[in-house]
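In short: position in the sequence shown from 1, add 14, done, that's the numbering used here.
Everything on this sheet refers to the single structure shown next.
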Amino acid sequence: FEPSRSWQQVLELIDDFMTMAIAPDLRAWNAAMTCCIRGEVWHRAVQMFSTMEKHLLMPNEVSYNALLSACERGQHWEPVLRTLEEMRRAEVAPDVVTFNTSISALQGPQWETALQLFHSASCEVQP
15 FEPSRSWQQV LELIDDFMTM AIAPDLRAWN AAMTCCIRGE VWHRAVQMFS
65 TMEKHLLMPN EVSYNALLSA CERGQHWEPV LRTLEEMRRA EVAPDVVTFN
115 TSISALQGPQ WETALQLFHS ASCEVQP
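Structural data, given as structure tokens:
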């Protein structure tokens, strides 16, 4: 895969699966979202997260971390807080990646929130 085009190829593959009535599993969706983020098309990763949920797949920490990373790359801090709350409601435990990505997305305009999140991370994440 050429890095600048791999996200397009991955989306085509997901579309091909759907056309053939083959449901991509959670691992495929997570990989596709990650590929979109690396290809600097973070908005596609956000769309894929929604599509994945519409197909009744329950997101795991990798899925949520990909969504948080997409928010960070897109410099959209507002959805980060909603995503963290959604993780808690879904009983998906945040990990180090979750907190690092969230804090990075919140730094700057929401530095006080990022600081609070940092303090809560030290209590929630076990080494």
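Ideal Cβ positions, reconstructed from N, Cα and C, are used throughout, including at glycine.
Only a predicted model underlies this, so the values are computations on that prediction, with no experimental measurement involved.
Asked, Found
"For V111, which three-state DSSP category applies?", "helix"
"Give every residue of the same chain whose Cβ lies closer than 8 Å to the Cβ of A42, excluding the five residues on either side of it in the sequence, and list them in chain order.", "I28, F31"
"Rank C49, T48, V76, H69 by C-alpha distance to the C-alpha of A35 and give the top, closest one.", "H69"
"Look up V106 in the DSSP assignment and say whether it is helix, strand or coil.", "coil"
"With A46 and M62 assumed to form a contact (beta carbons below 8 Å), what rounded beta-carbon distance in angstroms separates them?", "6 Å"
"Going by beta carbon distance, what residues of the same chain come within less than 8 Å of N44, once the five residues before and after it are set aside?", "N74, V76, S77, A80"
"Let me know if S83 comes out buried or exposed under the rule of 16 or more other beta-carbons within 10 Å of its beta-carbon.", "buried"
"Work out the CA separation of E26 and L98 for me, nearest whole Å.", "30 Å"
"Please report the Cβ distance between S118 and E86, rounded to the nearest whole angstrom; I am assuming they are in contact, meaning their Cβ atoms lie under 8 Å.", "5 Å"
"Taking C-alpha atoms, which residue in W21, M66, S64, D39 lies nearest to C50?", "W21"
"If I measure Cβ to Cβ from A107 and keep anything under 7 Å in the same chain, skipping five residues before and after, which residues do I get?", "E75"
"Give the DSSP-derived three-state secondary structure of F15 in the structure shown.", "Reliability fails at F15, whose pLDDT of 43 lies under 50, so the model's placement of it is uncertain and no value is given."
"Taking DSSP as the reference, what is the three-state secondary structure of A84?", "helix"
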